[in-house]
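Line order of the protein sequences matches chains A and B. The numbering used here puts the first residue of the first sequence at 2, with every later residue one more than the last. The numbering used here puts the first residue of the second sequence at 205, with every later residue one more than the last. I have placed the structure first, in the form of C-alpha cells, so that the comments after it can refer back to it.
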Amino acid sequence: MKIHKSLWIAIGFVLVLSTVLAGCGGGGSNAGGQGKTLIYGRGADSPKLDPALVTDGESFRVTENVMETLVDYEKDSMDVRPALATKWETSDGGKTWTFHLRKDVKFHDGTDFNAEAVVFNFERWMNQEHKSGKKDDFTYYASMFGGFKGDEGHLIESVKAVDDYTVEFKLKEPQGPFLQNLAMSPFAIASPKAVKEDPGKFAQHPVGTGPFKFKSWKKGDSITIVKNEDYWQKGLPKLDQVIFKSIPDNSARLTALQSGDIDVMDGLNPDDAKTVEQNDKLQLFKRPPNNVGYLAFNMEEKPFDDKKVRQAINHAVNKEGLIKSFYADLAEPAKNPMPPSMWGYNDEIEPYEYNLEKAKKLLKEAGYEDGFEVEFYAMPEPRPYMPDGKKIAEYIQADLKKIGIKAKIVSPEWQSYLEATEEGKHDMALLGWTGDNGDPDNFLYVLLDKDNARIPAQNIAFYKSDKLHDILIKAQRETDKAKRTELYKEAQEIIREDAPWVPLVHATPPLAAQSYVKNYVPHPKGSDSLAEVDIQK
Amino acid sequence: MSMNAPTMPNQESVTETKPEQMDSPFRDSMRALLRHRSAMIGGGIILFFILIALIAPLLLPFGYNQIDADARLQAPSAEHWFGTDDFGRDIFARVIYGARISLWVGFFAITGSIVVGSVLGLIAGFYGGWRDTLISRFFDILLAFPAILLAIAIVAMLGPGLENAMYAIAIINVPTFGRLMRSRVLAVKQEDYVLAARAIGMKNSRILFRHILPNSWTPIMVQGTLGFATAVLEAAALGFIGMGAQPPEPEWGKMLSDSRAFIQSAPWTMVFPGLAIMLTVLGFNLLGDGLRDVLDPRMKQ
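Spelled out as C-alpha cells, the structure:
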C-alpha cells in the first residue's frame, strides 16, 4: 500500500517536473517560466561539498551559497561584516571573543541555528569527528588554527555556549587574523543534525542556513541549488535556482555563453576578453587580483633540497613571456608569494631576473652541470590564477631544457592532481592560491609554513624553515598591524632567499556574463555570493 | 622480432624466379602500379612527407620548440610560412617535425601489428583446432571494443606517452591482420601445390614459410598500407586527447588540441596540422586502394 502511494507521488512529481522543464525551454534560463534560473559555467566540478573538508575554490563556490559563516566579508572587499553573528566583543588582550548570534535563523532541515550548533561545528573540526571518510582531513582548520586539539600549536582552547545565542571562544594566544579567519568559507556552520546523521551524505548534500538549499548533484556535470524560502534576509535571494555547470574547456564554455546555454562563466580565456567586450549581449568582469600562481619545488626530493638548484630555476623562468603568451597582459609578474594589493607586501624585494647564464652558473655550483630529469606536475584544469597550466608548463619546460633540465610534464585529472601534490609525489608542481581572508597570514602561513608541510600538505614545497615559522607565528599572535607588517616583510625576504617556489604571476581573472545578469560582483576571494544576483531580461 | 623469418623465403623465391623475368608476377604488378594514377599520387604524397621529414630539419631556420612570446599568433608570412602558435613557435617547423612523429608511429605500430597478427593468423589458419579457437576468440575480444576506446584503455594502463600510444595502436590493429591472414591461409591450405608438398613429406614449417606465407602475403600488404592511414589518425586522436605525444613533441593531433582556443582568432594554428593529417591519410589511402586494384587477381583485366 505504502509503495503504491509513493509510486503515484513519484509519477505525479515526474509529470509536474516535465511540464516545468518544458516551460523552461532549451536554454533553461528562464524563458517564460516563473522561476529565475541562473546557470553558472565553470571549469571543474566540486570534489566535495563539505566546506570543512576541502581547500579548493570550486567547492567553496557552491557551499558559500548554501552555508554561512559567523562573520562574512563585504560584498567587494575582504573587510569583515556581521553575518550569523550580529555583534562581537573581545577581551583579555584578544584571547577571549564573545559572539552574539542572530536569533531567527533555521537550518535547511528545519533545526534551529543557535550557540550549540556553533560549538558542535568547532568541536567537530578540532576533534576531527564526523568525517565522511578515513582519508578526509579538516585541512583548513589545521592551517588556520595551528593544528587540532592536543597539538602543540593549537590555538583555540575552548568554544562554549554561554547561553542559547552567545558563544565564547577562549584562545591560548591572541591571533591577529582571528576574525578574518572565521569569515572563511570552510568555517561555515553546518546543521549538527545532518552531520551527525551521516557525515558521508553531508559531504554530498550540505545543509546550512544560506540563501540557497542544495538540491542535486550530477557528478562531473552540474550542481543545482534552489531558493531558501525561509532565508533570514528578507527579499533574498532573488534567484529561484542556480545551476553550477562544469565545462572544462574555456573556449567551449565561452561558446556556451555566446549561444545562451549558460548565464555566467568563470575562467574566460584572457585572449577572449576582447571578444566579450565587443559583444553587446555580454558583459566582462575582472576579478580583483588577490592570488598567486606558482611553481613549487618538492624540497624533500633531490635535487631540490639544494637551494642553488631552486634559485637557478628561479632565474630560468621567463615571467614576462608567460604573461604575454597566456594572460593577454591581464597579470603581473610575481616576486613574492602574496599579491601587491595585500597589506604587508614587501615591494623592496629584488626579483630573480630571467637569465639563463646565471641559472647555468648556479646549477654548476650545485654540481648539476649536466642537468637532471624531473617530473613536472601541471594542472589539467583552467584555474583563475592559471588559465592553462599545461601550456605554462610546456613554456617553462623549453627554458629548463636550455639549462639541461629535462622535465616530464605530468597532468592527472584535478582530484588526483590535488592528492598527488598534497602527498608530495611531485618533483615540481604548478599550483596557485586565491586569498580567502585578506590577511598575509592566509598566504604565507598557509602555503609556506612548516606546520602546513605535513601530509596532506598545503605547503606543497614541503618548505620547513624554523626561522620563517618563528616569524609567522609571532606575526599571528601580534595584534598591532604595524608590527605585523614589519614581520611579514621580513618573512618575504627569507622566502626570497630560500626560494621554495618560483612565484609566477598575480592574475586578474576575467569573467563574462550575459548582459541581463545584474548585481553580480566578482569577489576578490574567488568565489561569490549569489544571493543578490538577479536576472532582468 | 621475428620479421626475418617470413621475409627471407620470400626473397629467396624472388631470386629463384629471376631467370624467367618476363613472366614475374612481381614485375607485372609493379608495372600495373606505375600505371595506376591515383596510387601514384598517393605514393607521391607519402614520398614527399618522408622526404621532408628526413631532410627539412636541416633547412629550417626555426627549431620546433623555439619559443618567442613577442612573435605569438602571427599570421603566415615570409618569415613564418605557416604562422606561429600561442607560444610564438613556428608552425611550419612543428608540422614538419610532426611528420617525423606521425610516420614513425605509423610505421612501427603497423609493422608490429603485421608481424604479430600474421604469426597468429598463420598458426590459427594452418593448424586449426584448439589453437584456432583460442586465437580467433582473442581477436573477437579485441574487435568487440571500438578501436579508439581500446587504444585509450591501453594507454590509460600504460601511461600517456608517444611510445605507449604506439603500442596501443599496434595492439588494436593486430586482429585485422590476424583475421586476414587466417582466411588467406585457410584458402591457400587447400591448394593442390600444398597438397603436393604434403604428399612428398615436406615439413609443416617448410610448407608454411615456403608455400603458404608467400601466397597469403598480398592482402596483408594492401591492408598494411591502408592501416598506416588509420594508425596516423589514431595517433593524432590520442595526441588530441592528451594521451599520445607529450609536450613539447609537435605531434599533429596535439597541435590541433592546443590550438582549439584560437579556431576563430588564429585559424592557421589549426589548418596546417589538420591539412598535414589529411594529406598523409589521403596519401596512404590512395596508395592502398591502388595496391589492391593491382594485386587482386579478380581485378585484373
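We put the CB at the ideal spot given by N, CA and C, even for glycine.
Query	Result
Every unbroken alpha helix (DSSP H) inside the region 360 to 410 of chain A [4 residues or more]	390 to 403
Proximal chain A residues relative to residue 306/B, where beta-carbon distance stays under 7 Å	Within chain A, no residue comes near residue 306/B; the closest Cβ sits about 19 Å away, beyond 7 Å.
Residue interval of the beta strand (DSSP E) (run including residue 515/A)	511 to 515
Cα-Cα separation, residue 497/B to residue 233/B	10 Å
Delimiting residues of the alpha helix (DSSP H) encompassing residue 522/A	From DSSP, residue 522/A is part of no alpha helix (DSSP H); its letter is neither H nor E.
Which of helix, strand or coil DSSP assigns to residue 150/A	coil
Contact test: residue 516/A Cβ vs the ligand GDP heavy atom, cutoff 7 Å	Summarising the ligand content, the structure contains no ligands, and the ligand GDP is consequently not present.
7 Å Cβ shell around residue 503/A - same chain, five flanking residues per side excluded	295, 296, 314, 315, 318
C-beta contact flag for residue 366/B and residue 449/B at 8 Å	yes
Contacts of residue 452/B in chain A (Cβ-Cβ under 7 Å)	395, 398, 399
Chain-order list of residues whose beta-carbon lies under 6 Å from that of residue 300/B (same chain, five-residue window excluded)	256, 260
According to DSSP, residues forming a beta bridge with residue 244/A	40/A, 225/A
Close beta carbons around residue 1/A, own chain, < 6 Å, minus the five adjacent residues each side	Residue 1/A cannot be examined here, being either before or after the span of chain A that is shown, 2 to 538.
Outcome for residue 291/A when other beta-carbon atoms lying within 10 angstroms are tallied against a minimum of 16	buried
Neighbour list for residue 377/B in chain A, Cβ cutoff strictly below 8 Å	The premise fails here: residue 377/B is roughly 27 Å from chain A at the closest Cβ pair, so nothing lies under 8 Å.
Interface flag, residue 356/A vs chain B, CB-CB below 8 Å	no
Beta-bridge pairing of residue 341/B - partner residues as DSSP gives them	Per DSSP, none; premise fails for residue 341/B.
Members of the region 514 to 537 of chain A that neighbour chain B once the beta carbon cut-off is set at 8 Å	none
Contact under 8 Å by Cβ, residue 367/A with residue 307/A	yes
Positions along the region 297 to 328 of chain A whose CB lies within less than 9 Å of some CB in chain B	319, 321, 322, 323, 324, 325, 326, 327
Pair within 8 Å by beta-carbon distance, residue 53/A and residue 71/A	no
Exposed unless 16 or more other CB atoms sit within 10 angstroms - verdict on residue 127/A	buried
Buried/exposed call for residue 266/A, threshold 16 Cβ in 10 Å	buried
Residue interval of the alpha helix (DSSP H) (run including residue 301/B)	295 to 331
Residue 333/A: first and last residue of the uninterrupted beta strand (DSSP E) it sits in	332 to 334
Straight-line Cα distance separating residue 335/B from residue 321/B	14 Å
Buried or exposed by the 16-neighbour rule on C-beta atoms within 10 Å, applied to residue 344/A	exposed
Where residue 451/A sits in the DSSP three-state scheme	helix
7 Å Cβ cut-off: residues of chain B touching residue 252/A	464, 465
Cβ pair residue 210/A, residue 120/A closer than 8 Å	no
CB contact below 8 Å: residue 400/B versus chain A	no
Inter-residue Cα distance where the pair is residue 371/A and residue 533/A	59 Å
Beta-carbon contacts of residue 297/B that lie in its chain and below 7 Å, excluding the five residues immediately before and after	264, 266, 267, 268
C-beta atoms of residue 270/A and residue 190/A nearer than 8 Å	no
Status (buried if at least 16 other CB within 10 Å, exposed otherwise) for residue 220/A	exposed
First and last residue of the uninterrupted beta strand (DSSP E) at residue 295/A	292 to 298
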